[in-house]
Amino acid sequence: MIEQITAVSKGMYTEGTSHDHKVIIDEPANMGGTDKGANPLATMLISLTGCENAIANFVAKEIKFDLQGIDFEVKGEIDPRGMMGEEGVRPYFQKITVNAKVSTSESEERVQELQQIVDARLPDLHHYGSSRCRNGCKLDKSINQQEEGSRHRGPFFIQFA
460 MIEQITAVSK
470 GMYTEGTSHD
480 HKVIIDEPAN
490 MGGTDKGANP
500 LATMLISLTG
510 CENAIANFVA
520 KEIKFDLQGI
530 DFEVKGEIDP
540 RGMMGEEGVR
550 PYFQKITVNA
560 KVSTSESEER
570 VQELQQIVDA
580 RLPDLHHYGS
590 SRCRNGCKLD
600 KSINQQEEGS
610 RHRGPFFIQF
620 A
């Protein structure tokens with residue numbers, strides 16, 4: 460499988476097309492953009508959640524898991540000086556925290572099973588982790604039960620040392 464997009468950029472504004480779908484990436488006005496879309500870093504984090512959701516749904520169907528939905532809250536920590544070229548400052552996320560609330564009637568053991576399979580198959584997770592592991596990275600995960608009838612998968616940390 461080959462995933463291919465096209466994109467046209469003008470200033471900070473980029474309009475990408477994938478399979479007849481448009482994605483707009485921009486910067487806010489105070490960063491020189493027109494604020495017509497999410498910034499590139501936010502777009503990366505949104506992509507991570509979209510990928511995790513898609514893989515979770517594929518896996519849920521395979522293992523007959525009652526996946527009713529997932530709500531995500533994602534935070535990425537980055538030192539902007541690295542993007543501006545300051546030597547010695549890494550130009551990528553140092554830490555990404557994903558809190559995912561999984562709505563399901565399944566047991567905690569089944570939620571953990573789903574998590575393990577999804578994490579093993581998640582392309583974005585491997586992209587964020589393995590490409591930086593040569594520089595040292597830490598991956599911490601935990602699962603906590605939320606209210607009756609749903610499970611909370613998180614917090615989920617990807618930390619680059």
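Quick note, my numbering runs 459 ahead of the 1-based positions in the sequence shown. By construction, the Cβ of each residue, glycine as well, lies at the ideal position given by its N, Cα and C atoms.
* Asked: Thinking C-beta only, is T556 closer than 7 Å to D525?
  -> Position 66 of the sequence shown, counting from 1, holds the residue named residue 525. Position 97 of the sequence shown, counting from 1, holds the residue named residue 556. No. Outside cutoff.
* Which residues in the same chain as P499 place their Cβ atom closer than 7 Å to its Cβ, once the five residues preceding and following it in sequence are excluded? -> Within the sequence shown, residue 499 is the residue found at index 40, counting from 1. Cβ neighbours of P499 beyond the five flanking positions: I484.
* Beta carbon of D479 nearer than 7 Å to that of A488 -> Here residue 479 refers to the residue found at position 20 when the sequence shown is read from its first residue. Here residue 488 refers to the residue found at position 29 when the sequence shown is read from its first residue. The answer is no: Cβ separation not under 7 Å.
* Would you mind sorting G496 into buried or exposed? The rule is 16 or more other CB atoms within 10 Å of its CB. => The residue labelled residue 496 in the question sits at position 37 within the sequence shown. The residue is buried, with at least 16 neighbouring Cβ atoms inside 10 Å.
* Asked: Among M460, I576, N512, S477, which one has its Cα closest to the Cα of A559?
  -> Numbered from its first residue, the sequence shown carries residue 559 at position 100. Comparing Cα positions, the closest option is N512.
* Beta carbon of F552, beta carbon of G528: below 7 Å? -> As a working mapping, residue 552 is identified with position 93 in the sequence shown. As a working mapping, residue 528 is identified with position 69 in the sequence shown. Not in contact: F552 and G528 (Cβ atoms no closer than 7 Å).
* Assumed close pair I452, V577 - CB separation to whole angstroms, cut-off 8 Å -> What the structure shows of the chain is the stretch from 460 to 620, and residue 452 is not part of that stretch, so it cannot be assessed.
* Length of the line joining the Cα atoms of I464 and S566 -> Your numbering for residue 464 matches position 5 in the sequence shown. Your numbering for residue 566 matches position 107 in the sequence shown. For I464 and S566, the distance between alpha carbons rounds to 40 Å.
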